[in-house]
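Some notes on the structure that comes next.
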Amino acid sequence: MNSGFSKKNSLGIFAVLASSLLWIFLIAVPLIFLFNRMANDSARLWDPEILATVRLTLNQALLSTFISLLIGLPLGLWAASGRWVSASRIILSLPYSVPTVVAGSAWIAWLGYSGFLGGFWEFWKLRLSYTWGAVILAHVFYNAPWIAVVVANSRMFLPPSLLDAAETLGATRTQKFKFIVWPRIRWALAGALAQVFSLCVMSFALILLLGGGPPVQTLETALFARIRYGTLDVSGAAACAFWELLLTLLPWFLILWAQRRDPGFTRIFSRQFAISRPQPGKAGVGYGVAILGVSALFMLPYLATLPAVTGFFQAGKDFSELRSPLFVSVQLAFWSGIGAVAVALLSVIGAEWLKKWRPGTVPVFLGLMGAPSGISILVLGLGVWLAYSKWLDPFSGSFVAMVLLQIAIFYPMALRMFFPLLGSTPQDLVDAATTLGASPWQAFWAVQWPRWKGPLLGALAIVIGASFGEVAAVSLFYSEQLLPLPVLLSQWTSQYRFEDAQALTALLLLLSVGMTGLVAASGNLGAFFRKWMLD
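Mapping the sequence shown onto numbering that gives the first Met the number 0, position 47 (from 1) lands on 46, and the numbers just tick up by one.
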């Protein structure tokens, strides 16, 4: 027993130290170097051009979030009240899995004069491409379904008996929403809005492709332009990074403040990651079909690009341009997936150990490990370049830097998938297996592995799929010899090779979804993976 206890203790200490060192190396040190550079030239913070970009970034993020709220809140309540709740939430979850570079290229195909609706725009003398309207439209289509999913998930945890009792007592629909539904969904909705606002501020591929970056420019594209376009302006890029960090982290600090004021916040918000069976609504079949139809509309802009792949193959295009970028993207996806899952695992194991020996430190530990969710990958990439410039040169390309940045942005996603497993170890079964003579490895394989297999392979599948379309993480450290598919797509778009870009968009969409499905199917995720996606 003492030997087993010592091994568990050693594993916990190792997990805390390893994950903490990785966090310091990937997050803390780059941000320290970034703030140091900014402090040396703080006057650039008040540069009128940068301040104007701050205002534009803030305005588009607020407007995009507000419109997404207006659509997502009623859609989520509607989706949770009809039949086929599971199917509607699956469909609403799909747009959030579409890579942003794919979404941007798909919208170009819809909004340009040479696109699917080119005749319509030309007839009415409308021009949406390279405007703020195009950016906000793409953000709303991308984020409104996510808000709807979060609202629907929260609404599903509401016991039907409460609503039935209120209805029996004569409560109106407005009163039921105000006194029963709203207290259950408000903090989950607040978290979703904070996430959507931060994502709109950090949006890179959509701004670059749909806004032109310039004429439409945000802090994210302004930072990139000061590093990759024209004269190198590191001080200006650091100033953009400071303002962007302020905008993206402030909503999360407000949520943490609200959490401390409302003891029910943690209980309600954590249920977003719980595993449970959704309660179907009472509405009829026609109502459910309508919900499914409306939900599917959010995927239409992206699915319409799929026929372009067939045209690309039929035209007999030269595939030599795709071979090297495809190989680079596959390698990136593989190592990013392995690394992100490994860091998330270390974080969970470390949190389990801290929960037993230093329980008060668990919220701080998990909060710090989840911090990259609120940090732009370009901001972090600039910090990595400043901190490790002796070994990393963005102009000569660095595969290691690309992998590390993708690990940094994707491991919090995997960590969220492991949340339901925290504190739920069936210790009595483990002790029983050990008493019957099983080794620690045999006990883990028999008791723990069935619980961990689903989220582990599910996280790996999602990270690999998302990696294929991630463009911001590779934009600072690519080279002509180290060119991933998303960067090739943006280059083709800037060269007005729209047909080839549409085909590559569809190919990236298929690769992202296909790799996710392949890894998921190989692990027989079944019910767990479906429940995680739904609940």
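From the three backbone atoms N, C-alpha and C, an ideal C-beta is built for every residue, glycine too.
Remember, predicted model here, so these are calculated numbers, not experimental data.
- Using a C-beta cut-off of 8 angstroms, the region 47 to 67 makes contact with the region 137 to 149, since at least three inter-stretch Cβ pairs fall below that distance.
- In the DSSP assignment, residue 380 falls within the unbroken alpha helix (DSSP H) covering 376 to 386.
- For residue 455, the closest C-alpha among the options 218, 417 and 162 is that of 417.
- Taking all protein chains shown into account, residue 194 has 16 or more neighbouring C-beta atoms within 10 Å of its C-beta and is therefore buried.
- Between the region 396 to 416 and the region 472 to 485 there are three or more C-beta pairs closer than 8 angstroms, enough to call the two in contact.
- Within the model, the alpha-carbon separation for residue 300 versus residue 94 is close to 10 angstroms.
- Residue 326 counts as exposed, since fewer than 16 other beta carbons sit within 10 angstroms of its beta carbon.
- Residue 381 sits close to residue 33, with the two beta carbons spaced by under 8 angstroms.
- Annotation for residue 48: the continuous alpha helix (DSSP H) segment containing it runs 47 to 78.
- In this structure, residue 99 places its C-beta atom within 8 angstroms of the C-beta atom of residue 470.
- Contact check between the region 323 to 340 and the region 482 to 499: three or more CB pairs, one atom from each, fall below 8 angstroms, which counts as touching.
- The Cβ atoms of residue 501 and residue 133 do not sit closer than 8 angstroms to each other.
- Following the DSSP letters along the chain, one finds residue 474 inside the alpha helix (DSSP H) bounded by residues 471 to 474.
- Between residue 413 and residue 339, the C-beta spacing is below 8 angstroms.
- Distance from residue 352 to residue 14 at the Cβ level is roughly 6 angstroms; contact confirmed, criterion being Cβ atoms closer than 8 angstroms.
- Here DSSP, grouped into helix, strand and coil, assigns residue 397 to coil.
- Secondary structure at residue 211: strand, using DSSP grouped into helix, strand and coil.
- A distance below 8 angstroms separates the beta carbons of residue 197 and residue 250.
- A residue is called buried when at least 16 other Cβ atoms come within 10 angstroms of its Cβ; residue 174 does not meet this threshold and is exposed.
- When only Cα atoms are considered, residue 149 and residue 472 end up about 26 angstroms apart.
- In the three-state DSSP reduction, residue 481 falls in the strand class (E or B).
- The Cβ-Cβ distance between residue 111 and residue 128 falls below 8 angstroms.
- In the three-state scheme derived from DSSP, where H, G and I count as helix and E and B as strand, residue 216 is classed as coil.
- In the DSSP assignment, residue 167 falls within the unbroken alpha helix (DSSP H) covering 159 to 167.
- A direct Cα-to-Cα measurement between residue 368 and residue 223 gives close to 26 angstroms.
- Contact between residue 31 and residue 235 fails: their C-beta atoms lie close to 20 angstroms from each other, not under 8 angstroms.
- Per the coordinates, the alpha-carbon of residue 189 lies some 19 angstroms from the alpha-carbon of residue 78.
- Inter-residue distance for residue 468 and residue 436 is about 48 angstroms (C-alpha atoms, whole angstroms).
- Residue burial is scored here from C-beta neighbours: residue 63 has at least 16 other C-beta atoms within 10 angstroms and is therefore classed as buried.
- Residue 180 counts as buried, since at least 16 other C-beta atoms from the protein chains shown sit within 10 angstroms of its C-beta.
- In this structure, 17 is the residue among 17, 362 and 9 with its C-alpha nearest to the C-alpha of residue 342.
- Exposure of residue 231 is indicated by the presence of fewer than 16 other C-beta atoms within 10 angstroms of its C-beta.
- Looking only at 450, 333 and 376, the smallest Cα-Cα distance to residue 511 is reached by 333.
- Put simply, the backbone Cα of residue 155 is about 16 angstroms away from that of residue 290.
- Between the alpha carbons of residue 221 and residue 41 lies a gap of roughly 17 angstroms.
- Rounded to the nearest angstrom, the Cβ distance from residue 10 to residue 348 is 7 angstroms, consistent with a contact under 8 angstroms.
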